[in-house]
Each structure stands twice: as C-alpha cells, then as structure tokens.
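Trainee:
There are 2 protein chains.
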Amino acid sequence: MVSTRGSTPRGDGVPAAIVGLLGTRKPSSRVDIARSLGLSPATVTQVTRDLIARGVVEERVSVPSRGGRPAKLLGLVAGAGVALGATVTADRVALVTVELDGSVRTWTQHPFSPNSPDAPRELAEILAGEVNTIGERLLGVGVGVPGSVDSQESGFVRAPSFGWHAVPIGPVLRKTLDAPVLVDNDVNTLAAAEQVYGIGRDHSSYLVVTIGKGIGCAMVLDKAIYRGATGSAGEIGHIPVSSDGPVCGCGDTGCLEAHIGAAGLLRTARERGLVGARGRLATLLRAARDGDTAAQDVYREAGELLGRSLSGIVLTLDPEVVVLMGEGMDAWEHWRPGFEPALRRCLAPTRAELPVVVEPWRDDQWARGAASLVLAAPFDTAGNGGEQSHRVRARLGSRET
Amino acid sequence: MVSTRGSTPRGDGVPAAIVGLLGTRKPSSRVDIARSLGLSPATVTQVTRDLIARGVVEERVSVPSRGGRPAKLLGLVAGAGVALGATVTADRVALVTVELDGSVRTWTQHPFSPNSPDAPRELAEILAGEVNTIGERLLGVGVGVPGSVDSQESGFVRAPSFGWHAVPIGPVLRKTLDAPVLVDNDVNTLAAAEQVYGIGRDHSSYLVVTIGKGIGCAMVLDKAIYRGATGSAGEIGHIPVSSDGPVCGCGDTGCLEAHIGAAGLLRTARERGLVGARGRLATLLRAARDGDTAAQDVYREAGELLGRSLSGIVLTLDPEVVVLMGEGMDAWEHWRPGFEPALRRCLAPTRAELPVVVEPWRDDQWARGAASLVLAAPFDTAGNGGEQSHRVRARLGSRET
DNA sequence: ACTCCTTTGTTTGACACTAAAATTACTGGC
DNA sequence: GCCAGTAATTTTAGTGTCAAACAAAGGAGT
C-alpha cells in the first residue's frame, strides 16, 4: 500500500492533502504523513514548516518512543477552516457548518420552494447569510441536490422531481457568494462523507445505498466517487424488477423504486388494508414492530427485492463493502430478513461474505455530506472537481497570502 | 479537456507515455504531444531528444503550416518494441506478437490443457519459445485468462472452469521468462485493447460486453479499467434473471449466462426441437438465417434478456457507450430485435440514445487484447499495474542503458 | 522585399520534490 | 553514567518539470 487516498499529491495539492489528512486522522507525525501520502519526509518537513507558520497546523506533544527519536505529533489548529454544506429538498434547505475535522458547528433549516422560477437566487440568498457570518475562514460551499449534476465543477442540475432542467445552481451561487462552490447529487455527497470520515478510510471500493423516499446508490471505486458520463450513475431506483408492476414517477412501470420507495411501500400497505387510505408509513412501521406479520411481510418483500437487485450490482462492481443508510433505515430490522438471503443467494462463493454495513440515520446527515464535498477536495488529486476544487485547496494551503 | 488519457505522467512515466501516445496516434508534433499528455512543450523537447538519441523515436517530415512555424512530426522507429500476448482457453493457448502501433506480427496457437496440475509451467514453456525468438525488443508479456486475477501485478488466477484456485500464473511466468508479465481477466484485456486502440481514444467511460460461451463484461470508468475488490468485477453472467431457470455452472439457477450463454441457447433450441440432441449452435444460426422464425425467437428472447439485464447496469454505471463483442456476435442480427427495445425501455429519457457499438469478431482478438495489457502500461499513470507495469515503462523509455 | 503575425520548438532560471547523509532525541543494556 | 541501537526529523545536493523569454520558420499583406 503506497498511499492511503488516491495517488500522491503534487504542487498546491501537497499542503492541502496534509491538512486534509490531519482533519480526518488523529494527530500524526511527519513520517506518518509522508507514508500516508506517498511523499518523502523531507517534503513534509518543508511544507509543515510553512503550515505551522501560517497558523493552520500546530505541533502537539511528543509521543514516547520505543527506541528512537520520539515523534512530534502535528494537529490542526481548531477553527482554521470551515466548510458550509447545504441540501435541497422539496420544501426546505438544510445548512450545516463543519470544522475541518468533521465536527458540526451549526445546523439550521430554511423553508425553500424549488419549483419557484427564481430558485437558484433564493438558494443563494439563504446561503449568503451563513457565508457572511463565517467570513474569512470559509473554505467553500458544498451543495447536495436530489438529481444529476453535469459536473461538480460547473453545477448545472437536472432534477425531474423539482422540474429542474439544467438549472444553473453552481454558476448562480458562485457569482453571489464569492467562494468555491461544489454541487453534486445528494447520494454522492453521502459517499463523499464516507470517503473522508467513514468507511473510505479503510476501503477503496464500496457502494453507498440509500433507502427513503427513493432508492439511491453512490459508488466509490478505487477511492474515487464515480459519477458516470452524464452525472447520473447510481440511478438504481429505476432498474426494472417486474414487467407489470406499479407505475413509477419516471413514467415506466415496475421500477425498483416504485416497489420499495416510501410511496411504493405505502401503496402496498394500503392495498393490503394495513393502513387506511390516509395512513402514513409510520403506521405500517408501528404495526410491524407490534408483531403484525402482514406488516412485516411488506418490509420483508421489499428487502427481498432490494437484495436481489443489489446482488446484480455487486456481481457487476465487486465492491469491498456495501453501506446502507437513509431515512428508511429506521425500519431496517424488518427489511433484513428478506434482504440477507436474497442478496447472498446469487453471490459467487467468493463474495458470499460481502460485509453490509448498516448506518444509523441522523437528520443532519444530508447536509453533512454536502459539506464533505468541500472537505474531500484536498484528496481530489485526479482533479475531478476542477477549478472549484482547486480553489478550495488554495484556501487551505496556498503559500502566498 | 486537459489530457487525453488519465492524469499527466511523471518521472519515468513521461518517456513511456510519449512512446505510448505515438504508438496509438498518427505521428504528432512536440506541441501536440505536450497538449495530449498535459506536459509543457519544454519537457517534451527534452524527453524526445533523449528518445531520438536512443533510437526509439525519429523525426519525420515537416508538415506545411497554416501561418506559423511548421511542425516537425515525430514517429516511432519501426520495430523498436514488441509485446507478446497470450490467451488461455480450455484446450489451447493463442499467442500474438504485436508492434507498438498495434499491428500484429505473428499469430500462433498451441494445444494446452489447463487441468494439468503443472499448467503454469507448461504455459511458461509455450511462451518461452516466443520470448527467446523476440529477444531484446520484448517489452513484456500479457496473459488473458477466463477467470479473476488478484491483481495484474501479482497474477494469481481463480478460474473455476479450469479448476484453478489461486494458481500462480504470474509468479511462475515471471520466474521463467525474465520479462514483465501482466495477467488479467480475458474480458478486461479486450477492454485494454479498446482503451489503447479503440473506443477509449474518444470516450472515458464505457462497457465492453462479450457474448460467447459465457457472458462477460469489462468496464472502463473514468479512463481506467475497473477490476473490483477481488478482481471479479463484471461477472454479469451470474446475475439472476429468473427464479426457476436452468441450472448454471456456478451451481445457482436462473443466471443470465445459463439462459443466453452458448450452452443455454443450445439447450433452449434442443428443448424446442430446433436442433437434434447432438446438434450444434451453428445449426440454430443457419436455421435463423434461413428464416426459421422459431430459431429467430430463441435469439430474440436472448436479446431481450440481455437488454433487460444491461439496462440495469447502464442505469447504475451511466456509461458513454456500450461495446459488444465476442464469438457470439456472428448471430447478432438475430439478437438485436429483442435487445434494442428491452435495453432502451428502462433508460431514463436522458440515456435513451445510448450508443451501442457492435464490433465484428476476429479470431486473434483475445490474444491481441492480452498484448494490449503491455501496450496500455505506458498510460497506467495511476500505477495499477504496479511493479510489472513499471518494468514495461522502464524498457520503453528509461534514460539509462 | 519587407514587415507583422502566428505557431513550433528551445533555452533558461526557478522551484518542488527527492534520496541520502547528517542530526537529534530518545531507549535499553551494561 | 556511558555506549550502542533505533527511529524521527532536518539538511544538503541533485533531478525533473515548468513558465517565460527567446529563436526559428514559415504565411499574408503591402
């Protein structure tokens, strides 16, 4: 193993990568940093000297050695940089400010109507307040949207559920906010968070599958988020699973999402008389928890469909791990009995042991993900984030200023 | 667009990348090379000076200019380097020697029995003859196998159909042959060939799907071949498509391959009395070509299954293009009527126009692919090929010697 | 023929990164 | 307390790449 994240950084990426590493790891020695990033200790000495002088990094205690010069640990100066994250949903915008080490500073929500023709400008206004409060220390703004984005770099959004076609979220925000702005699909932002603070620290290829209103999937392949040719990779909600199933929002019939998305589950439950015509999903979940086997069946069957569909994706992508998250996870205990056997049944003997990690859901997770777009920029050695990612790195570690 | 293939090369990768580029392009000027590789013209001048002195590259004619200093084109010296490619099948080994520009020099076949306990050594002996014939100019050996490989770098092969479990093809060949040896799944080698000489010149993410004895898939994502956590990405032949279908070689029932692999097609044809108990696929194809609608139905239904399965993969991976190839492609005209509508039906409006490229099949294609593993090494800036890839680059462009 | 323009290719000085040697700061055995 | 051993860090000298200035080689207009 040469480097922990992607290829070894160069040029302006070196100081950024060091700061990024220190943000996501415990305080490390210079030699450790060098090993992790594939740099020579000499370079780390030089660059950290500069970062210390600039007040971004500080020396911590020396650790006792086991026969050798003790390492002087380096850590980030608290509050040296802040990322702003925002997610857009059908009725509001959630905002977080996050420190370099991933800890959440503030969390707020604002009413928002994406259908308005002036939506980008309204979003910009919501963000502007926060941006001004943060001031100098702002590294960048990450925005997650439930749709596909042409590229993080530019940020034109297509989100059918909002009626958005090539809506210039990125350009408008950039013009208004005077800060680097990275826009991405919301599930991809969760993957970015995993990449930096979660499972990505130990694995290089994995899937992040979300269960909630829709069914989403983001993928980190060989340490990089994969977005596809048109930014719409991971649209697994519309995989066909039945030839005559329910009608989906996309117009087709029998999509996975139409079966096991929140609306699909509810429809099934109503058809079977488990909840009233005006009943909600919470009712179904309560029934399942109370031991109602018919209610449990709804979830079990959903788990089975999900497991079968994922097994195809796992065979195709051969990930190390699958991470499950999303608002729907609170009912996972009832999905699991259907899910596990369906998933494992078709996996070749080699992958039958595929670990599936179920993450508890937190309300600020979407927005935290969005902020992670910014915090992942230091590791974007391949340059997928383009100019915006570059600007984040510049704010983080440029030698001038 | 910054660079044509992956990220910009560094160090020993620079001369190799230049040679690689000249091998896959028409002769180019220094400035063109610099643009393609993301290097400065200054660097290209320096490195090519060296390559010219070493007799690997030569100056060609000047090209008339359109209002500027005319460009002096650079091209490869013919025969400056040769790659050896080999594919292993159930009964033989096919060998090609390929020039740097991709042209095939020789093609031979040798009987081979992979079930023998001494298979790696026997393979080594077959290759040794050719290696000695080539001598000095050999850049490396590429080997394609119908199974999964732990990494190109090491080359332990798992191939259930051969009864191979962690068979040390790479290590044994390396010990015997004294040349860089790259081992990979056979479908991945086809993807490597596309990457270097085919569709990869114009696209960065695509699928290569093979139809033949089995159903295979290789994927190039963001310009790199993706191999998965255990080297078995692309095992789409075992995606479940029916709950009570025919038994597959993998032990499960209802796998895609069991339905539409060569054996599956034949089984269906026999069940329907279209060919005799001892009849072969050629009989079915002849019947279909002669207008037998029952025979055509077998192919059409197979096309439908393939299209449905691929639509799921396309939704997941959002590739720019899908390339179809393999021995089974000679019957494609009869697959297509089922395939096209099934594939497009479920693609979101944005991807309905997904181009599907059907490549005619050539007998030496597997072996050419294997050789491409070597010829793709110069572009492996990420270092996936590890030490072996590095050794190929060293032979191609090292400054010493 | 002369001048200006355009593009290619080369030279030069600066700079980032490195390998290797030197230095520092400990531990552990005596 | 002294010495050998060990590992982190720093220094030093050197290499590869680049930006910018420069040289070369033509076209097009006058």
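These protein sequence lines are chains F and G, in that order. Residues in the first sequence are numbered consecutively from 1, following our numbering. Residues in the second sequence are numbered consecutively from 1001, following our numbering. For every residue, glycine included, the Cβ atom is placed at its ideal position computed from N, Cα and C.
Go through its chain and collect everything with a Cβ distance to G/Thr1401's Cβ below 7 Å, but skip five positions before and after it.
Mentor: Residue placement at G/Thr1401 is flagged as unreliable, the pLDDT there being 37, under the threshold of 50; a coordinate-derived value is accordingly withheld.
Trainee: Helix, strand or coil for F/His165, going by three-state DSSP, please let me know.
Mentor: Reduced to three states, the DSSP call for F/His165 is strand.
Trainee: Considering only residues of the same chain and omitting the five flanking positions on each side of F/Leu139, which have a CB-CB separation below 7 Å?
Mentor: Here the set comprises Gly81, Val82, Ala83, Val374, Val392, Arg395 and Leu396.
Trainee: Got a sec: is the Cβ-Cβ distance from G/Ser1242 to anything in chain F below 8 Å?
Mentor: No, because no Cβ of chain F sits closer than 8 Å to the Cβ of G/Ser1242.
Trainee: If contact means a Cβ-Cβ distance below 9 Å, which residues of the region 1181-1211 of chain G contact chain F?
Mentor: For the region 1181-1211 of chain G, which is checked against every Cβ of chain F, the residues closer than 9 Å are His1203, Ser1204, Ser1205 and Tyr1206.
Trainee: Which complete alpha helix (DSSP H) runs does the region 1300-1370 of chain G hold, if anything under 4 residues is left out?
Mentor: Entirely contained in the region 1300-1370 of chain G, the alpha helix (DSSP H) runs reaching 4 residues are, in chain order, 1332-1345.
Trainee: Following the continuous beta strand (DSSP E) through G/Ser1116, name the residue where it begins and the one where it ends.
Mentor: First-last for G/Ser1116: undefined, no H or E at that position.
Trainee: Excluding five sequence neighbours on each side, which residues of the same chain lie with their C-beta closer than 6 Å to the C-beta of F/Glu304?
Mentor: The answer, listed in chain order, is Gly338 and Ala342.
Trainee: With a 10 Å radius around its C-beta and 16 neighbouring C-beta atoms as the bar for buried, classify G/Pro1015 as buried or exposed.
Mentor: So G/Pro1015 ends up on the buried side.
Trainee: Per DSSP, G/Cys1217 forms a beta bridge with which residues?
Mentor: G/Cys1217 is bridged to G/Val1209.
Trainee: May I ask you to list, following chain order, the residues of the region 1227-1240 of chain G that have a beta carbon less than 9 Å from some beta carbon of chain F?
Mentor: Hits within the stretch, in order: Arg1227, Gly1228, Ala1229, Thr1230, Gly1231, Ser1232, Ala1233, Gly1234, Glu1235, Ile1236, Gly1237, His1238, Ile1239 and Pro1240.
Trainee: Mapping DSSP to helix, strand and coil, what is F/Arg391?
Mentor: It is helical.
Trainee: Considering only residues of the same chain and omitting the five flanking positions on each side of F/Ala294, which have a CB-CB separation below 7 Å?
Mentor: These residues qualify, in order along the chain: Arg272 and Leu274.
Trainee: Tell me, to the nearest whole angstrom, how far the beta carbon of F/Ile409 is from that of F/Val209; I am working on the premise that it is less than 8 Å.
Mentor: In the structure as shown, chain F begins at 1 and stops at 401. Residue 409 of chain F is therefore absent and cannot be evaluated.
Trainee: Classify G/Arg1049: buried if its beta carbon has 16 or more other beta carbons within 10 angstroms, exposed otherwise.
Mentor: So G/Arg1049 counts as exposed.
Trainee: Opposite F/Ser28 in the DSSP bridges: which residues?
Mentor: F/Leu74, per the DSSP bridge assignment.
Trainee: Since G/Pro1114 and G/Val1088 should fall inside the 8 Å C-beta cutoff, what is the C-beta to C-beta distance between them, to a whole number of angstroms?
Mentor: With a Cβ gap of about 6 Å, G/Pro1114 and G/Val1088 count as contacting.
Trainee: Counting along the chain, where does the alpha helix (DSSP H) carrying G/Leu1265 start and finish?
Mentor: Per DSSP, G/Leu1265 belongs to the alpha helix (DSSP H) from Ala1262 to Glu1271.
Trainee: Flag G/Leu1306 as yes if its beta-carbon sits less than 8 Å from any beta-carbon of chain F, otherwise no.
Mentor: Answer no: the Cβ-Cβ gap between G/Leu1306 and chain F never drops below 8 Å.
Trainee: From the DSSP output, which residues share a beta bridge with F/Ala159?
Mentor: According to DSSP, F/Ala159 bridges with F/Trp164.
Trainee: With a threshold of 6 Å on Cβ separation, who are the neighbours of G/Val1247 within its own chain once the five nearest residues in sequence on each side are excluded?
Mentor: Same-chain partners within the cutoff: Thr1253.
Trainee: With distances taken from CA atoms, which of G/Val1187, G/Asn1384 and G/Asp1222 is nearest G/Asp1402?
Mentor: A query on residue 1402 of chain G cannot be resolved here, the shown segment of chain G reaching from 1001 to 1401 and no further.
Trainee: Assign G/His1165 to one of two classes, buried (16 or more other C-beta atoms within 10 Å of its C-beta) or exposed (fewer than that).
Mentor: Exposed.
Trainee: The alpha helix (DSSP H) with F/Val187 in it runs from where to where?
Mentor: First-last of the alpha helix (DSSP H) with F/Val187: Asp186 to Tyr197.
Trainee: Are the CB atoms of F/Gly386 and F/Ser151 nearer to each other than 8 Å?
Mentor: In this structure, F/Ser151 lies closer than 8 Å to F/Gly386 by Cβ.
Trainee: Could you check which residue in F/Leu266, F/Leu177, F/Gly147 and F/Phe162 has the C-alpha nearest to that of F/Ala128?
Mentor: Nearest C-alpha to F/Ala128: F/Leu177.
Trainee: Which runs of the alpha helix (DSSP H) spanning at least 4 residues fall entirely within the region 1038-1075 of chain G, listed in chain order?
Mentor: The region 1038-1075 of chain G contains these whole alpha helix (DSSP H) runs: 1041-1053.
Trainee: Using a Cβ cut-off of 8 Å (strictly closer), state whether F/Arg351 contacts chain G.
Mentor: Chain G, which has a Cβ nearer than 8 Å to the Cβ of F/Arg351, makes this yes.
Trainee: Could you work out which residues of chain F lie near G/Leu1317, taking near to mean beta carbons separated by less than 7 Å?
Mentor: What G/Leu1317 touches in chain F: Gly228 and Ala233.
Trainee: Excluding the 5 residues flanking F/Ala179 on each side, which residues of the same chain have their C-beta closer than 7 Å to its C-beta?
Mentor: Result list for F/Ala179: Val131, Leu138, Gly140 and Val141, in chain order.
Trainee: Would you say F/Ile313 reaches chain G, if we count a Cβ-Cβ gap shorter than 8 Å as a contact?
Mentor: F/Ile313 counts as touching chain G.
Trainee: Which residues in the same chain as F/Val93 place their Cβ atom closer than 6 Å to its Cβ, once the five residues preceding and following it in sequence are excluded?
Mentor: Only Ala86, His110, Phe112 and Ile126 meet the Cβ criterion.
Trainee: Give me the chain F residues within the contact set of G/Leu1221, using Cβ-Cβ distance strictly less than 8 Å, ordered along the chain.
Mentor: The contacting residues are Leu221 and Tyr226.
Trainee: Return the chain-ordered list of same chain residues with a C-beta closer than 7 Å to the C-beta of G/Ser1040, the five sequence neighbours on each side being excluded.
Mentor: Taken in chain order, the residues that qualify are Ala1034.
Trainee: For the pair the region 1216-1234 of chain G and the region 299-317 of chain F, tell me if three or more CB-CB distances fall below 8 Å.
Mentor: A contact exists between the region 1216-1234 of chain G and the region 299-317 of chain F.
Trainee: Report buried or exposed for G/Gly1328, applying the criterion of at least 16 other Cβ atoms within 10 angstroms of its Cβ.
Mentor: Buried: at least 16 other Cβ atoms inside 10 Å.
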